[in-house]
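Here UniProt numbering is used: the first residue of the sequence shown is 1, the next is one more, and so on.
This report refers to the structure that appears directly beneath it.
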Amino acid sequence: MNKDVYGILGDLTAEILLEIIAECMDDYLYVIDLQNNKMEISQSALDRFMISETHVRNVKQEIMSVVYEEDRTMFAKHMQAVMDGKEKVHDIHYRWLDKNGLPVWVNCRGVVIDDEDGKPGYLVGCLNETGNQRRADNVTGLLGGMEFCAYLRSQKKPVTTGFLMHIGIDDFATVNETHGSNYGDYVLKSVADCMKECLSGNQRLYHLVADQYVIVDLDSTSMDDAIQLKKKIGEKIDEFIISEKYEVVFSASAGVIDASTVAEGYEECRKKFEFSLKKAKRMGKNNIYFYRQEDYEKFQRNGRIISALRNSSGMEES
1 MNKDVYGILG
11 DLTAEILLEI
21 IAECMDDYLY
31 VIDLQNNKME
41 ISQSALDRFM
51 ISETHVRNVK
61 QEIMSVVYEE
71 DRTMFAKHMQ
81 AVMDGKEKVH
91 DIHYRWLDKN
101 GLPVWVNCRG
111 VVIDDEDGKP
121 GYLVGCLNET
131 GNQRRADNVT
141 GLLGGMEFCA
151 YLRSQKKPVT
161 TGFLMHIGID
171 DFATVNETHG
181 SNYGDYVLKS
191 VADCMKECLS
201 GNQRLYHLVA
211 DQYVIVDLDS
221 TSMDDAIQLK
231 KKIGEKIDEF
241 IISEKYEVVF
251 SASAGVIDAS
261 TVAEGYEECR
271 KKFEFSLKKA
281 KRMGKNNIYF
291 YRQEDYEKFQ
301 RNGRIISALR
311 NSSGMEES
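This is how it looks when you write it as structure tokens:
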């Protein structure tokens, strides 16, 4: 039976084989001929992205045109390393343009197959949309919480400097209620763009959930840097509001914790920066709060008291 199967597969062209396998999965399959600058990609990719045909005759030119402009330098650098034989595994997150010209986060993975002379011959792999897996958010164009965690875990040395800034849009629910979810998505994307314009080279921005973002700075040695960053973000948001002729008026609040908190584990880190954002919002709109251990311990004590009272009330009713 196995010999029959292998015989059938052996008679199929690469193009047909790609389509048979592609029908069984959500990923977009590809084979790149590195030496002849050609590529075969599954038909489903044509239906989703700005690609003209399954058989690409000029990979460098055509694929570069479908890669989102901000990611082209990074993509070209990695592909050159693959062609030079310096990289044997292809595994990067970047953005492709869909049929409407909008960026979509993808994870492109593949392995290099060398020719008889030991030179890179083919790159074989698949492309999948990470926005569908909560690794990235296609509305804001940002990587998501999973990539935020992965970045923190990837640090080879203990984190001793910097900060994590948890940012939330004040009264975002009102924006959705009064203007609809499409305009709400537009605001989320615009706020993300405002924040990106304020970042330094080593700072990173991620989208967490709904109207919440986190900025990672692992180099800063002064919390004044966080204050100045929050101020810049506020100014950019004000500029956006003015450009929209005050169609909506909103602000953003931020909770800041020391980046060294990551040593306590992601879950504890998450609890503390979520607490910090809630604390900032309780202080009023457009505020910034810096984590204090005594405030957090008081918050936990109050939570335990409330929980005990609820349990006690439940026992009396029963």
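Idealized CB from N, CA, C, for every residue including glycine.
Per DSSP, cross-strand counterpart(s) of residue i
i	result
Gln212	Gly168
Tyr30	Ile41, Gly125
Ile113	Tyr122
Tyr206	Val214
Ser253	Gly168
Phe163	Asp217, Asp258
Ala136	Leu143
Val89	Val111
Val67	Trp96
DSSP state of residue i mapped onto helix, strand, coil
i	result
Phe290	strand
Tyr183	helix
Asn107	strand
Val175	helix
Tyr94	strand
Asp258	strand
Val248	coil
Ser307	helix
Asn36	coil
residue 320	No information on residue 320 is available, as it lies outside the stretch 1 to 318 that the chain covers here.
Leu188	helix
Lys285	coil
Gly277	Looking at the sequence shown, residue 277 is not Gly but Leu. Reduced to three states, the DSSP call for Leu277 is helix.
Leu199	coil
Per-residue burial, residue i [other beta carbons within 10 Å of its own, 16 or more giving buried]
i	result
Val249	exposed
Glu294	exposed
Lys279	buried
residue 320	Within the shown structure, residues of the chain are numbered from 1 to 318, placing residue 320 beyond reach of any answer.
Pro103	buried
residue 332	With the chain represented from 1 up to 318, any question about residue 332 goes unanswered, as that position is not in the structure.
Pro158	exposed
Met25	Note that Met25 scores a pLDDT of 48, beneath 50, so its modelled location is shaky; the value from the coordinates is reported in the next line. Burial call: exposed.
Leu309	exposed
Arg153	exposed
Asp117	exposed
Val191	buried
Lys272	buried
Arg95	buried
Ile233	buried
C-alpha gap between residue i and residue j, whole angstroms
i	j	result
Arg304	Glu268	17 Å
Leu142	Phe299	32 Å
Lys245	Asp71	32 Å
Asp185	Asn176	9 Å
Asp211	Cys108	28 Å
Glu239	Lys231	13 Å
Tyr206	Tyr151	10 Å
Met50	Val187	26 Å
Ile257	Met195	18 Å
Ala22	Glu40	Caution is warranted here: a pLDDT of 46 is assigned to Ala22, below 50, making its placement in the model unreliable, and the coordinate value is therefore given only provisionally. Approximately 12 Å, taken between the alpha carbons.
Leu29	Cys126	4 Å
Gly144	Val106	12 Å
Asp98	Asn286	35 Å
Tyr122	Val112	6 Å
Ile241	Ile32	46 Å
Ser220	Val124	41 Å
Glu297	Thr140	34 Å
Glu235	Ile63	37 Å
Ala252	His166	10 Å
Asp170	Glu264	29 Å
Limits of the unbroken alpha helix (DSSP H) element including residue i
i	result
Gly141	Run containing Gly141: none; DSSP gives neither H nor E here.
Gly265	Gly265 -> no alpha helix (DSSP H), and no H or E assigned at all.
Thr54	Unbroken run through Thr54: none, as it is neither H nor E.
Lys230	224–243
Lys77	72–83
Span of the beta strand (DSSP E), counted from its first residue to its last, around residue i
i	result
Gly101	Run containing Gly101: none; DSSP gives neither H nor E here.
Cβ-heavy atom distance, residue i to the ligand GTP, below 7 Å
i	result
Val191	In the structure on display, the ligand GTP does not appear, and there are no ligands present to speak of.
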